[in-house]
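Colleague: Numbering-wise, our numbering comes out as the position in the sequence shown, counting from 1, plus 70. Dropping a structure here in structure tokens format, bear with me for questions.
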Amino acid sequence: ERVRRGESPAPEVAMAKNFSAEVAMEVTYEAVQILGGMGYMRETRVERLSRDARLLPIGGGTTEVMNELIARFSLGL
71 ERVRRGESPA PEVAMAKNFS AEVAMEVTYE AVQILGGMGY MRETRVERLS RDARLLPIGG
131 GTTEVMNELI ARFSLGL
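Shown next, in the form of structure tokens:
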């Protein structure tokens with residue numbers, strides 16, 4: 071919607087990134103806990119997904135940077 075109006079979609083993109091990173095970390099943490107020791111073994115897909123999920127808050131801008139961007143747009147700064 072913002073793009074059609076010629077506005078930057080940055081706030082919504084930042085919110086989506088923060089939300090998806092948080093959900094991915096929570097879900098993979100629970101999956102590792104469900105599998106117990108097997109969840110930490112390199113041979114399991116859950117272990118790989120868990121490692122990847124830990125990088126999501128960093129890649130493409132840290133969570134703090136995204137929160138600052140959201141605040142700046144929300145407050146009109």
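Even for Gly, the Cβ is constructed at its ideal location relative to N, Cα and C.
Give me the residue from M136, N137, G107 and V102 with the minimum Cα distance to R121.
Modeller: V102
Colleague: Beta-carbon separation of S90 and L126 under 9 Å?
Modeller: yes
Colleague: Starting from Y99, trace the alpha helix (DSSP H) both ways and give me its first and last residue.
Modeller: A80 to L105
Colleague: Give the DSSP-derived three-state secondary structure of E71 in the structure shown.
Modeller: coil
Colleague: Between which two residues does the alpha helix (DSSP H) containing E77 stretch?
Modeller: Segment: none, E77 is in no alpha helix (DSSP H) and carries neither H nor E.
Colleague: Could you pull out every residue in the same chain whose Cβ sits closer than 8 Å to the Cβ of V135, ignoring the five residues on either side in sequence?
Modeller: none
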